[in-house]
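See structure below.
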Amino acid sequence: MASNLVIVESPAKVKTIKKFLGSNYVVDASQGHVRDLPKSQLGIDVEHGYEPKYITIRGKGDVLAKLRKEVKKADKIYLATDPDREGEAISWHLQKALKLEETGKKVYRITFNEITKNAVRESIKHPREIDMDLVDAQQTRRILDRMVGYSISPLLWAKVKRGLSAGRVQSVALRMICDREAEIEAFVPKEYWSLEAITHAAGGKKPLKARYYGVGKEKMELHSEAECLSVIKDCEGKPLLVQEIKKSERSRKAPLPFTTSTLQQEASKRLNFSTQKTMRIAQQLYEGVEVEGRGTIALITYLRTDSTRVAEEADAAARAYIRENYGETYVAAERKEKQGGQKIQDAHEAIRPIDITLTPATVKASLSRDQFRLYQLIWKRFAAGRMQEAVYASTSVKLVCGEHRFSLSGSSLKFSGFMEVYSDSEEEEEEKPDAALLKLSEGEELVLEGFDKERHFTQPPAHYTEASLVRAMEEQGIGRPSTYAPTITTILARRYVIKEQKNLYVTELGQVVNRMMVKSFPVIVEPQFTANLERLLDSVGEGKMNWKTVVENFYPDLNAAVKQAEKELESVKIADEESDVDCELCGRRMVIKYGPHGKFLACPGFPECRNTKPYLEKIGVKCPKCGGELVRKRTKKGRIYYGCENNPTCEFMSWAKPSEKRCPKCGGYMTERGNKLVCADEACGYSEVLGKEDKG
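Take the sequence shown: its letters are residues 1 to 696, numbered as in UniProt numbering.
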């Protein structure tokens with residue numbers, strides 16, 4: 001009997017796939033990559049055609065030895081690694097490491113988007129050769145990343161501290177976070193007011209609150225209390241008339257099935273999962289889990305994709321399920337799914353449950369809590385995408401009082417559609433229109449009982465979260481589905497960025513590295529440049545461009561920039577700055593050092609004297625609370641703030657840097673925000689342009 005060897009990446013897949021194939025098939029795992037560039041050197045021959053030098057990854061010798069024995073026994077070898085560029089590259093590396101071309105045996109490449117009996121057997125019926133265009137695209141990405149990392153990282157080690165790293169995508173992500181932080185720091189709140197007219201309609205129990213719109217058809221914003229009072233004065237003694245009532249329907253489209261990016265965003269928003277955790281659990285659901293009564297089965301399709309496309313059979317099965325469980329009126333009309341443009345992962349389907357009838361409730365007992373929650377999210381999103389849109393009945397009312405116009409509106413859910421299975425808490429809490437609102441008639445005169453006015457301030461841009469950073473990276477074309485989670489994980493691990501609650505904050509170390517990268521390698525940290533490189537990699541994957549052309553156009557400029565930076569950045573090296581503190585152990589003047597959590601004081605007599613102590617960096621401003629010196633501090637996670645040296649006796653703290661100048665309007669302390677000095681009391685609202693002599 002012929003023997004066939006199927007090689008997959010993960011041991012978890014072995015158990016799932018073995019069930020689908022006969023006894024003449026042996027399934028084994030490579031346990032991920034088996035070859036890579038050497039860690040001790042660049043590993044790319046820049047002098048001779050940029051050829052990469054691959055070596056066996058340490059610890060993979062036994063795995064390869066076992067696979068070689070299986071290869072000897074087999075008549076046919078099927079390379080069944082993941083269905084993306086990286087999976088294609090792993091198959092190619094396996095072919096080289098196992099010297100399959102020299103065996104004279106038939107070697108095939110097979111892929112499947114879902115680990116099911118039909119999908120696996122169909123892939124074996126339609127094998128192909130390794131797609132060298134996809135291999136070259138992945139190889140080019142690896143070479144470019146290696147060139148950036150191994151060229152710039154040593155520079156950071158020399159100029160800042162050991163253990164730092166630069167990366168082609170991670171440096172752009174860091175810059176995006178730094179730029180957002182600068183926007184927030186420079187933001188100056190602006191005052192605005194809201195005004196509501198309070199009235200009662202006949203038979204209404206609750207007062208109706210109509211929001212101020214403007215004069216006639218022109219929308220007008222209220223910037224001060226004086227403007228509010230002017231409107232109120234104009235309306236005194238005048239009737240409040242119902243000018244126009246509009247009743248309409250509005251609909252909310254069902255959401256598209258998940259891509260990698262949208263899954264990471266929704267899992268962060270709804271489940272509070274990090275991108276790394278989302279991908280780890282999704283991988284488990286894709287590879288297979290033990291389900292009671294079913295054995296080891298895969299629950300979802302492949303998790304790295306840019307596409308929202310769904311296979312015809314899966315679409316038909318979902319519609320049949322909805323028809324049976326919710327009724328014909330809930331089944332969506334045919335719709336065209338949004339394609340992923342030219343991205344190579346568009347060859348895959350969206351992330352969806354493999355079997356729509358395998359509801360979250362039926363598998364709950366077999367899954368961990370996190371597996372269940374993520375599977376439920378994927379299942380509901382996919383089911384909702386095959387359902388009709390939700391329909392709301394909306395009522396909009398225009399009121400006039402003299403020349404001033406006010407508006408009232410409300411809406412109620414008329415047909416739930418997809419929201420039967422998938423809805424946001426915000427949607428569920430949507431305010432229903434008061435019964436009195438629905439009874440209003442055009443021309444009706446209402447009693448004006450008074451006004452509510454409220455002061456507000458504009459808010460700065462929000463800090464990036466993992467989810468919003470992924471969305472921004474996707475929108476700008478930076479990275480691909482497989483790179484979002486590792487990129488964020490790296491900048492957190494390097495402590496360039498810290499996470500508090502869900503927000504990402506840049507640390508002092510991150511700011512230093514970003515400044516160096518922006519100064520010496522402005523092209524590499526430019527989002528548009530990185531997005532263009534991604535498109536070039538796509539072109540390589542599609543066979544439209546030679547991979548060496550991309551590398552040849554990239555490396556010389558990088559090499560020249562590194563050499564120039566080695567000379568120019570000499571002056572920005574963070575030297576050991578001497579403090580005014582004496583070491584109590586040996587009497588030497590202590591110096592300022594940099595650690596994972598920022599600056600600290602250390603004795604320059606190391607290693608004879610190992611004394612260290614916290615560094616309190618005075619900013620030359622007195623504490624507005626107790627008169628002590630204000631110092632620059634860091635939270636445990638590395639975020640900078642300003643506090644009093646007399647802490648904990650004095651609890652003063654400020655995220656923005658305080659200034660010596662006092663507010664001429666209220667006498668309070670002021671803070672630096674970009675190029676402005678702003679009163680710390682938002683209710684005061686005073687600000688002025690920061691003069692050169694005021695800048696710290």
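Built from N, CA and C at the ideal position, the CB exists for glycine as well. Everything numeric in this text was worked out from a predicted model, so none of it was measured.
Return the CA-CA distance between residue i and residue j, expressed in angstroms with no decimal places.
i: glutamate 475; j: valine 523; result: 19 Å
i: glutamate 244; j: arginine 386; result: 38 Å
i: isoleucine 574; j: valine 160; result: With a pLDDT of 49 at isoleucine 574, under the threshold of 50, the predicted position of this residue should be treated as unreliable, though the coordinate-derived value follows. Cα to Cα, isoleucine 574 sits roughly 6 Å from valine 160.
i: glutamate 442; j: valine 242; result: 5 Å
i: threonine 140; j: valine 678; result: 49 Å
i: histidine 404; j: cysteine 684; result: 29 Å
i: glutamate 86; j: methionine 473; result: 20 Å
i: proline 614; j: aspartate 538; result: 50 Å
i: tryptophan 157; j: tyrosine 686; result: 44 Å
i: serine 423; j: tyrosine 484; result: 26 Å
i: lysine 618; j: phenylalanine 652; result: 14 Å
i: glycine 620; j: serine 654; result: 15 Å
i: residue 708; j: glutamine 459; result: The chain is shown from 1 up to 696; residue 708 falls before or after that span and cannot be answered.
i: glutamate 430; j: histidine 463; result: Residue placement at glutamate 430 is flagged as unreliable, the pLDDT there being 49, under the threshold of 50; the coordinate-derived value follows with that caveat. The straight-line gap from Cα to Cα measures roughly 26 Å.
i: isoleucine 7; j: isoleucine 640; result: 50 Å
i: leucine 437; j: leucine 208; result: 8 Å
i: proline 624; j: tyrosine 669; result: 7 Å
i: alanine 332; j: arginine 381; result: 14 Å
i: leucine 263; j: threonine 278; result: 8 Å
i: proline 461; j: alanine 254; result: 29 Å
i: serine 412; j: alanine 393; result: 5 Å
i: threonine 81; j: isoleucine 90; result: 7 Å
i: glutamine 339; j: glycine 327; result: Note on glutamine 339: pLDDT 45, under 50, position unreliable in the model; the coordinate value appears next. Straight-line Cα distance between these residues: approximately 29 Å.
i: leucine 377; j: alanine 467; result: 16 Å
i: proline 607; j: valine 512; result: 27 Å
i: serine 30; j: valine 291; result: 25 Å
i: glycine 341; j: arginine 535; result: Only weak support is given to the placement of glycine 341: the predicted model assigns it a pLDDT of 42, under 50, and the value that follows is read from those uncertain coordinates. Roughly 11 Å between the two C-alpha positions.
i: methionine 419; j: glutamate 389; result: 8 Å
Residue i and residue j: beta carbons closer than 8 Å?
i: asparagine 532; j: serine 151; result: no
i: leucine 374; j: alanine 267; result: yes
i: valine 391; j: serine 251; result: yes
i: proline 481; j: threonine 260; result: yes
i: alanine 298; j: threonine 116; result: yes
i: lysine 96; j: arginine 35; result: yes
i: glycine 510; j: valine 525; result: no
i: proline 658; j: tyrosine 302; result: no
i: leucine 399; j: alanine 210; result: yes
i: proline 257; j: phenylalanine 457; result: no
i: glycine 295; j: lysine 19; result: yes
i: isoleucine 130; j: glutamate 88; result: yes
i: glycine 605; j: arginine 589; result: no
i: leucine 448; j: alanine 197; result: yes
i: cysteine 626; j: cysteine 650; result: yes
i: leucine 144; j: tyrosine 192; result: no
i: histidine 33; j: histidine 126; result: no
Figure out for me which residue from the options has the closest Cα to the Cα of residue i.
i: aspartate 136; options: Glu542, Ala561 and Gly628; result: Glu542
i: glutamate 445; options: His200, Ser165, Gly417 and Pro38; result: His200
i: lysine 72; options: Asn4, Glu500 and Leu222; result: Asn4
i: threonine 490; options: Cys644, Ser171 and Glu122; result: Ser171
i: serine 165; options: His48, Asp45, Arg146 and Cys228; result: Arg146
i: arginine 471; options: Leu79, Ala80, Ile177 and Ile130; result: Ile177
i: serine 407; options: Phe451, Val397 and Lys544; result: Val397
i: glycine 22; options: Leu98, Ile124 and Val215; result: Ile124
i: arginine 673; options: Phe187, Glu334, Ser30 and Ile198; result: Phe187
i: phenylalanine 415; options: Thr329, Ser366 and Gly402; result: Thr329
i: asparagine 546; options: Leu134, Val26 and Arg162; result: Leu134
i: arginine 180; options: Gly628, Lys563 and Asn514; result: Asn514
i: alanine 320; options: Ala383, Met220 and Asn611; result: Ala383
i: aspartate 234; options: Val506, Val215 and Glu508; result: Val215
i: aspartate 355; options: Ala119, Thr671 and Glu629; result: Ala119
i: tyrosine 25; options: Asp75, Lys219, Pro38 and Leu492; result: Asp75
i: glutamate 660; options: Arg495, Gly628 and Arg168; result: Gly628
Return the bridge partner residues of residue i from the DSSP annotation.
i: glycine 214; result: Lys219 and Arg405
i: serine 396; result: Lys246 and Ser409
i: threonine 612; result: Ala602
Review point. Does the stretch 312 to 319 come close enough to the stretch 508 to 523 that 3 or more CB-CB pairs lie under 8 Å?
Key: no
Review point. Three or more beta-carbon pairs under 8 Å between the stretch 355 to 364 and the stretch 259 to 273, yes or no?
Key: no
Check your understanding: Does the stretch 99 to 111 touch the stretch 46 to 66, meaning 3 or more C-beta pairs lie closer than 8 Å?
Key -> no
Point to revise | Three-pair Cβ contact test at 8 Å for the stretch 274 to 289 versus the stretch 8 to 15 | key: yes
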